[in-house]
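Numbered by my numbering, the letters in the sequence shown go through residues 148 to 294 in order. Built from N, CA and C at the ideal position, the CB exists for glycine as well. Input: a single structure, listed below in structure tokens.
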Amino acid sequence: MSRVETRGQPCDPRRRVRPDKEWVMSKTQTQELSEAVQLYLDLMYDCDTAKFDRVFGPTSQLHGFREGKMTCWPAAQYKEILAGRKSPKALGSRREEQVLLLDVASPTQALAKVRVRINDMIFVDYLSYHKVDDRWLITSKAYHREV
Numbered sequence: 148m149s150r151v152e153t154r155g156q157p158c159d160p161r162r163r164v165r166p167d168k169e170w171v172m173s174k175t176q177t178q179e180l181s182e183a184v185q186l187y188l189d190l191m192y193d194c195d196t197a198k199f200d201r202v203f204g205p206t207s208q209l210h211g212f213r214e215g216k217m218t219c220w221p222a223a224q225y226k227e228i229l230a231g232r233k234s235p236k237a238l239g240s241r242r243e244e245q246v247l248l249l250d251v252a253s254p255t256q257a258l259a260k261v262r263v264r265i266n267d268m269i270f271v272d273y274l275s276y277h278k279v280d281d282r283w284l285i286t287s288k289a290y291h292r293e294v
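This is the structure in structure tokens:
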């Protein structure tokens, strides 16, 4: 991750400052979030829906444009879509993924921006995470297909 400067000072992405309180995410918390993002990327590559509920919260929704129209899928429908398609892994497609941003708002809320290849398509996904029952789960996904 690149270093970001705020008012001329290097910014540590694990540190968040508010006037009334300050907290720093521990290395363990940062690692847990990174592992959750990696589990998502693994799911996009192998479409193994056995791990779906460890990636997406039951009320999560996915939003994006398909054929020029905004779509919204609930988690259950997206799980069916993944189960019904040939995975990039099964097709022998190369694996290409990149974590572009991890932004932690609090000990229970974060955002990840990733770029991921799914067969011949490349997507940029914004993943909203919430920590539920001690696990980071995606509660919202907004996607964009690069052309």
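Residue i and residue j: beta carbons closer than 8 Å?
| i | j | result |
| --- | --- | --- |
| Lys-288 | Leu-229 | no |
| Ser-181 | Ile-285 | no |
| Gln-245 | Arg-262 | yes |
| Lys-313 | Phe-270 | There is no way to answer for residue 313, as the model of the chain reaches only from 148 to 294. |
| Leu-274 | Tyr-187 | yes |
State the DSSP-derived secondary structure class of residue i, mapped to helix, strand or coil.
| i | result |
| --- | --- |
| Lys-226 | helix |
| Glu-182 | helix |
| Met-172 | coil |
| Leu-247 | strand |
| Lys-216 | strand |
| Ala-259 | strand |
| Asp-189 | helix |
| Lys-288 | strand |
| Ala-197 | helix |
| Thr-177 | helix |
Which word fits residue i, buried or exposed, when buried means at least 16 other C-beta atoms lie within 10 angstroms of its C-beta?
| i | result |
| --- | --- |
| Ala-252 | exposed |
| Val-202 | buried |
| Val-294 | exposed |
| Ala-114 | Residue 114 is absent from the structure shown; the chain starts at 148 and stops at 294. |
| Val-184 | buried |
Assuming residue i and residue j make a contact with CB atoms under 8 Å, what is their CB distance in whole Å?
| i | j | result |
| --- | --- | --- |
| Gly-211 | Tyr-290 | 4 Å |
| Pro-254 | Gln-176 | 7 Å |
| Asn-114 | Leu-238 | With the chain covering only 148 through 294, there is no way to say anything about residue 114. |
| Met-268 | Arg-292 | 6 Å |
Between the region 211-229 and the region 258-269, do three or more beta carbon pairs fall short of 8 Å?
-> no
The region 192-199 touching the region 273-285, judged by at least three CB pairs closer than 8 Å = no
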